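Right, one structure below, let's go through it.
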Amino acid sequence: MTSFSVDEWCRAHGLSRSFFYLLRSRGEAPRTFKVGRITRISAQANEDWVRGREAATADVAA
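In terms of our numbering, the sequence shown opens at residue 208 and continues consecutively.
This is the structure we're talking about:
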């Protein structure tokens, strides 16, 4: 299974860590899981998050 650290995910999406944690506090961040002390984001959670953002943007644009 492919997964991202929070830093890797933020770099891939051009977002800051602080914005990731803001999204998380709002319940809008991708699902995460822990491996030891490290927070990871699975490839599936990333894909689901992107689809959700696309749907939200399409709803606003319509």
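The C-beta atom is built at its ideal place from N, Cα and C for all residues, glycine as well. All values reported here derive from a predicted model rather than from experimental measurement.
**Report entry** Extent of the continuous beta strand (DSSP E) to which Ser223 belongs
**Finding:** Annotation for Ser223: no beta strand (DSSP E) segment contains it, and DSSP assigns it neither H nor E.
Query raised in the report: Hey, how far is the Cα of Thr239 from the Cα of Ala265?
Result: Within the model, the alpha-carbon separation for Thr239 versus Ala265 is close to 25 angstroms.
Query raised in the report: Exposed or buried, what is Val257 when buried is set at 16 or more other beta-carbons lying within 10 Å of its beta-carbon?
Result: Its Cβ having fewer than 16 others within 10 Å, Val257 is exposed.
Requested in this report: Could you spell out the range, first to last residue, of the beta strand (DSSP E) harbouring Arg247?
Outcome: Arg247 -> beta strand (DSSP E) spans Ile245 to Ser249.
Query raised in the report: Using a Cβ-Cβ cut-off of 6 angstroms (strictly less than) and excluding sequence neighbours within five positions of Ala250, which residues of its own chain qualify?
Result: If we look at Ala250 and ignore the five residues flanking it on each side, its Cβ neighbours are Thr209.
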